[in-house]
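Visitor: Just dropping this structure here.
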Amino acid sequence: MEGIAIMTSGGDAAGMNPAVKSAVDYSISKGLKPYLIRDGLRGMIDGDISAATREDVSGILHRGGTVLRSSRSKRFFEYEYRKQAYDNLQKLGINKLIVIGGDGSFAALNQFYADFGVPFAGIPATIDNDIPGTDYCLGVDTALNMIRDSVDSIRDTATSFNRAFVIETMGRDCGYLAMVSALSSGAEICIVPELEYDLDAIGQRLRKDIENGRSSILAIVAEGTNMAEYLTRWITVNLNMETRLTVLGHVQRGGSPTVNDRIMAYKFSVAAVDSLLAGHTNKIMVFREGQLGALDIETVNSSKVELDPQIIDLCGHLTK
Ligand code: F6P
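Counting from 20, one number per residue, gives the positions in the sequence shown under my numbering.
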C-alpha cells in the first residue's frame, strides 16, 4: 500500500483538525495507507511519524488548534536535515505528502520535492487569509467569529461608559480580519495596510457625530499597521473621549472550528488526496470565486494576495 503522510505546519488555525481527519478517512477509502507527522517539519526530521487509523482521528474535528501540533523549523532549511526527513519517509514507504499550513510551509515542501521528488498537496490554513491565489484559508471564519464575540462584548461596555475602544486584530501583513470585523461589528474607524487613512477627516466626521449624540466609538486596527497605540492616544486627545486599547492576540487563533471551516476542511482534504492520486505534484488547493481548484506552487508564489474588492470598498468610509 502506498503511504501518504499528513502534517500541519506554521501558525495553527481552526479547521486543521477536520482537515486531518478527512484526509485520513478519505485516504483509507482510496486504498492508501495514511501516516501522521507530529510537530510539522520538526517531526519529519526527527521521525515523529506514525500510521493512522480511522479511530486515531475520531473525536478531533470539533477541536481548535491542531492535535498534530505545529512548528516553524529552521533546521529544514539545511539539506542534511531534509535528507534525514526523506530517509524517515522512505523507511515507512511514504511517497506522498499533504501539508496543511501557509506559504512558508509550502515553500519548504517545494524545496523538498526539488531535492528528493516527493510530491505534496497543500491545504491553505491561516487566520490571516493572506495566501495568494485563494479567496479562503482554513481558520478565517472561526477567527472572525471569535473577533465578533469579543468586539460585541466591548461594544456593550463602550456604550455603557461613553468610551472609545481601539481593538487590534491579528494580521501580520494583511487587513482582512480587521476589515471584515469592522464591517460586521459596525465599527466607526478601520485602519488596515490596504487602505490609506486620513485622521483629520476621521476627526471631523466623528466630532460631528459626537455633537449629534454619539457617545461611544469602536476602532478596529490591523496588527500589521502598528497604529493601535498611536490611535488610542489620538482619539483621547482629538475627540476628547476616554479611550481604551484591547489587543485581542492569540484568542483569535483558538476555538472550535465553525461549520464553514469544517466543511471547507473536508473539501480541501478530499481535493488534496485526489490531486496526489491523479499524479499532480506540488499543487495548492484553492477556493476562488466560489469554486474549488488547485494551483501550481509557482503560480501561488508569484501571485499577489487579492482581497475581496467589495470588502475593501465597503471599508473605505471608515478610513476618512
Ligand atoms: O500568521 C498568523 C498569525 O496569527 C499572525 O496574524 C500573527 O502576526 C502571527 O501569526 C503570530 O505568530 P506567533 O503565534 O508566532 O506569535
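Here a beta-carbon is modelled for each residue, glycine too, at the ideal position from N, C-alpha and C. Predicted model, so just to flag it, every value in this text is computed and none were measured.
Buried or exposed for Cys-321, please, with buried defined as at least 16 other CB atoms from any protein chain shown within 10 angstroms of its CB.
Guide: Reading the sequence as shown, one finds Ser at residue 321 and not Cys. So Ser-321 counts as exposed.
Visitor: For Arg-73, collect the residues of the same chain with a Cβ closer than 8 angstroms to its Cβ; drop the 5 residues on either side in sequence, then sort them by chain order.
Guide: Val-43, Asp-44, Ile-47
Visitor: At a cut-off of 7 angstroms, would you count Arg-272 as near the ligand F6P, judging by its Cβ distance to the nearest heavy atom?
Guide: yes
Visitor: With a threshold of 7 angstroms (Cβ to nearest heavy atom), would Arg-407 be considered close to the ligand F6P?
Guide: Here the chain covers residues 20 to 339 and nothing more, so residue 407 does not appear.
Visitor: Skipping 5 residues on each side, what residues in its chain have a beta carbon closer than 7 angstroms to that of Gly-66?
Guide: Close CB contacts of Gly-66 within its chain, under the 7 angstroms cut and outside five residues either way in sequence, are with Asn-107 (chain order).
Visitor: Would you check if the distance between the CB atom of Ile-113 and the CB atom of Gly-50 is smaller than 8 angstroms?
Guide: no
Visitor: Mind checking whether the beta-carbon of Asp-122 lies closer than 7 angstroms to any heavy atom of the ligand F6P?
Guide: no
Visitor: Please find out if some non-hydrogen atom of the ligand F6P comes closer than 7 angstroms to the beta-carbon of Asp-280.
Guide: No, the Cβ of Asp-280 stays beyond 7 angstroms of every heavy atom of the ligand F6P.
Visitor: How far does the beta strand (DSSP E) with Gly-158 in it extend, from its first residue to its last?
Guide: No beta strand (DSSP E) holds Gly-158; DSSP gives it neither H nor E.
Visitor: Please report how far the alpha carbon of Phe-1 lies from the alpha carbon of Thr-265, in whole angstroms.
Guide: Only positions 20 to 339 of the chain appear in this structure, which leaves residue 1 out of reach.
Visitor: Under 8 angstroms: do the segment 163 to 170 and the segment 123 to 142 share three or more Cβ pairs, one atom per stretch?
Guide: Result no; under three Cβ-Cβ pairs closer than 8 angstroms.
Visitor: Just to confirm, are Gly-121 and Thr-153 a CB contact at a threshold of 8 angstroms?
Guide: no
Visitor: Cα-Cα, which of Arg-233, Ile-79, Phe-306, Glu-215 is closest to Ala-241?
Guide: Glu-215
Visitor: Counting along the chain, where does the beta strand (DSSP E) carrying Glu-230 start and finish?
Guide: Careful: Glu-230 lies outside any beta strand (DSSP E), inside the alpha helix (DSSP H) at 218 to 230.
Visitor: Applying the 10 Å Cβ sphere with the 16-neighbour rule, what's the burial state of Asn-19?
Guide: One cannot answer for residue 19 here, as it falls past the ends of the chain, which runs 20 to 339.
Visitor: Indicate the three-state DSSP secondary structure (helix, strand or coil) for Glu-97 in the structure shown.
Guide: Note: Glu-97 maps to coil in three-state DSSP.
Visitor: Count the other CB atoms within 10 Å of the CB of Ser-294; is the residue buried (16 or more) or exposed (fewer)?
Guide: buried
Visitor: Cβ-heavy atom distance between Glu-242 and the ligand F6P below 7 angstroms?
Guide: yes
Visitor: Excluding the five sequence neighbours on either side, which residues of its own chain have a C-beta within less than 7 angstroms of the C-beta of Tyr-249, listed in chain order?
Guide: none
Visitor: Rounded to whole angstroms, what's the CA-CA distance from Val-39 to Thr-318? Just pull it up for me.
Guide: Each residue's alpha carbon lies about 25 angstroms from the other.
Visitor: Quick one: measure Cβ to Cβ for Ile-186 and Ile-239, integer angstroms, because I've assumed they're closer than 8 angstroms.
Guide: Their Cβ separation, rounded to whole angstroms, is 5 angstroms, which keeps Ile-186 and Ile-239 in contact under 8 angstroms.
Visitor: Taking the DSSP output, what are the residues bridged to Glu-187?
Guide: Val-240, Val-266, per the DSSP bridge assignment.
Visitor: Any idea which residues DSSP pairs Ile-117 with across the strands?
Guide: Partner(s): Ile-25, Ala-140.
Visitor: Cβ atoms of Ser-41 and Arg-61: under 8 angstroms apart, would you say?
Guide: no
Visitor: For the pair the segment 80 to 100 and the segment 274 to 289, tell me if three or more CB-CB distances fall below 8 angstroms.
Guide: Output reads yes: the segment 274 to 289 touches the segment 80 to 100.
Visitor: Is Thr-318 a contact residue of the ligand F6P, with contact defined as CB to any heavy atom under 7 angstroms?
Guide: Because no heavy atom of the ligand F6P lies under 7 angstroms away, the Cβ of Thr-318 does not count as near it: no.
Visitor: Assign Thr-176 to one of two classes, buried (16 or more other C-beta atoms within 10 Å of its C-beta) or exposed (fewer than that).
Guide: A residue is called buried once 16 or more other Cβ atoms fall within 10 Å of its Cβ, and Thr-176, having fewer, is exposed.
Visitor: Going by the beta-carbon positions, is the gap between Met-304 and Ala-313 smaller than 8 angstroms?
Guide: In terms of Cβ geometry, Met-304 and Ala-313 form a close pair [threshold 8 angstroms].
Visitor: Identify, in the order they occur along the chain, each residue of the same chain with its Cβ nearer than 6 angstroms to the Cβ of Pro-143, setting aside the five sequence neighbours on each side.
Guide: Ile-150, Thr-153, Cys-156
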